[in-house]
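A.B. asks:
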Amino acid sequence: MKTNRLLPETDLARTALLRKDERRIQLRRIRDFVPTFSWSPFRACLPGIFQASKSLFDLRDVTWDDIEAAIKMQCKKHPNWIEGNTELSKLLFEHVTTKKLKSKEWSFGSLPVGYGAVVKFWPDFYTVEQDRPTVIYTDPRRAHGLTKSARQFVFSAMHHHIARADFADAQFKIALFPIDKENKTRDILLFEPNESDIVDVETLNSAIQETFQMWFEILEEREKETRKSATGTGGLFG
2 MKTNRLLPET
12 DLARTALLRK
22 DERRIQLRRI
32 RDFVPTFSWS
42 PFRACLPGIF
52 QASKSLFDLR
62 DVTWDDIEAA
72 IKMQCKKHPN
82 WIEGNTELSK
92 LLFEHVTTKK
102 LKSKEWSFGS
112 LPVGYGAVVK
122 FWPDFYTVEQ
132 DRPTVIYTDP
142 RRAHGLTKSA
152 RQFVFSAMHH
162 HIARADFADA
172 QFKIALFPID
182 KENKTRDILL
192 FEPNESDIVD
202 VETLNSAIQE
212 TFQMWFEILE
222 EREKETRKSA
232 TGTGGLFG
């Protein structure tokens, strides 16, 4: 069985805590989905958008012109990505500027989840809000974004991976960007976890293992269908 196509981390988050029957349905949809757009330019600009520096006392601010130029550079081979990435970056940049947020570069590393996969629901910096370190995960997607159970998964991963030592008192937030139905623009919606949102490590690990096993089974289904179609098995006289 081929297992070289790993489940993207956001899709793992969206499916791991679902009921098994619902999880299988969603995983089949994920298998068949072919993305035509990328938010990677937006994600690459997050340190600049959040004014992340090596020191909180670094006085140089990244300007919007800096961000816009970086996005255009990132989208050089895909000009159709510019508008969406620019719109979202501008919205978040204005939010950070209005709130006067400052961030410090910090690597929290990745979290191995088995099968050679890792997840990283956190940036390489933290923001200071009311004298507390705050780690914000941004989900830029218009559709198929983080549902309630997906946010529970992400908050649990953040808590178990980060909330220790200097970050034992850290705040965790998830930023979504829903579409305003009236004017068709994007808004910012921030979520914070309740204590009940945190799933214990054993439950989380079990859900991850079950989800990957089901994912590989679903990939194998497609491979069998492809082989069957290629050999003509199952035709009129099959």
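Numbering follows the working numbering, in which position 85 of the sequence shown is assigned residue number 86; successive positions increment by one, without gaps. Built from N, CA and C at the ideal position, the CB exists for glycine as well.
1. Determine the DSSP secondary structure at residue 135, reduced to helix, strand or coil.
2. Along the chain, where does the alpha helix (DSSP H) containing residue 51 start, and where does it finish?
3. Assuming contact is defined by CB atoms lying nearer than 8 Å, are residue 75 and residue 41 in contact in what I supplied?
4. State the Cα-Cα distance for the pair residue 23 and residue 172, rounded to the nearest angstrom.
5. If the criterion is Cβ atoms closer than 8 Å, does the pair residue 68 and residue 90 meet it?
6. Measuring from the CB of residue 204, is there a heavy atom of the ligand MG at a distance below 7 Å?
7. For the segment 209 to 227 against the segment 110 to 121, do three or more pairs of beta-carbon atoms, one drawn from each stretch, fall closer than 8 Å, so that the two count as touching?
8. In the DSSP assignment, find the alpha helix (DSSP H) that holds residue 85 and state where it starts and stops.
9. Just to confirm before moving on: does the CB-CB distance between residue 27 and residue 11 stay below 8 Å?
10. Can you tell me whether residue 184 is buried or exposed, with buried defined as 16 or more other CB within 10 angstroms of its CB?
11. Just tell me which of 216, 63, 163, 58 has its CA closest to the CA of residue 97.
12. Report yes if the CB atom of residue 152 is closer than 8 Å to the CB atom of residue 192, and no otherwise.
13. How many angstroms separate the CA atom of residue 82 from the CA atom of residue 176?
14. Take residue 240 as the anchor and find which of 224, 187, 222, 137 has the nearest alpha-carbon.
15. Can you look up residue 34 in the DSSP assignment and give me helix, strand or coil?
16. Alpha carbon to alpha carbon, what distance is there between residue 72 and residue 100?
17. Looking at the secondary structure, which residues open and close the beta strand (DSSP E) in which residue 178 lies?
18. Is it true that the CB of residue 13 sits closer than 8 Å to the CB of residue 120?
19. Specify the secondary structure class of residue 186 as computed by DSSP and reduced to three states.
C.D. replies: So, from the data block:
1. Secondary structure of residue 135 (DSSP, three-state): strand.
2. Per DSSP, residue 51 belongs to no alpha helix (DSSP H) and is neither H nor E.
3. yes
4. 31 Å
5. yes
6. In the structure on display, the ligand MG does not appear, and there are no ligands present to speak of.
7. Using a C-beta cut-off of 8 Å, the segment 209 to 227 makes contact with the segment 110 to 121, since at least three inter-stretch Cβ pairs fall below that distance.
8. 83 to 100
9. no
10. Its Cβ having fewer than 16 others within 10 Å, residue 184 is exposed.
11. 63
12. A contact, by the Cβ cut-off of 8 Å.
13. 21 Å
14. Summary: the structure shown does not reach residue 240, with the chain confined to residues 2 through 239, and so no result is reported for it.
15. coil
16. A direct Cα-Cα distance of roughly 23 Å separates residue 100 from residue 72.
17. Where residue 178 is concerned, there is no enclosing beta strand (DSSP E), given that its DSSP letter is neither H nor E.
18. Residue 13 sits close to residue 120, with the two beta carbons spaced by under 8 Å.
19. coil
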